[in-house]
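In the numbering used here, the protein residues as written are 3 to 83. Cβ atoms here follow ideal geometry from the backbone N, Cα and C, with glycine treated the same way. Scroll down for the structure; my scribbles are underneath it.
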């Protein structure tokens, strides 16, 4: 059985890794000389229900897949508790 301390450590490492990626992306945006339009999308989870939006159909479809996977993880974990 995985202890709570290990789960908390993994969560903190993932948060720190996310901030590192955010900072790296910020600095990488200065080196890009091309003036290309950025695309974005978002995924909001209200309970287990995903709400997805995006600027292109490709990004929206990818986020739908991610939202569905997160929904399945939520349902599977909720069942075991």
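Straight-line CA distance for residue i to residue j?
i          : j         : result
residue 31 : residue 7 : 36 Å
In three-state DSSP terms, what is residue i?
i          : result
residue 54 : strand
residue 4  : coil
residue 27 : helix
residue 49 : coil
Measure from the alpha carbon of residue i to the alpha carbon of each residue in the options, then state which is nearest.
i          : options           : result
residue 66 : 47, 78 and 77     : 47
residue 51 : 62, 64, 26 and 74 : 74
Sorted by chain position, which residues of the same chain lie with C-beta nearer than 7 Å to residue i's C-beta, five sequence neighbours on each side aside?
i          : result
residue 68 : 45
residue 13 : none
residue 10 : none
Taking 8 Å as the limit between beta carbons, can you name the residues of its chain near residue i, skipping five residues before and five after?
i          : result
residue 42 : 56, 57 and 61
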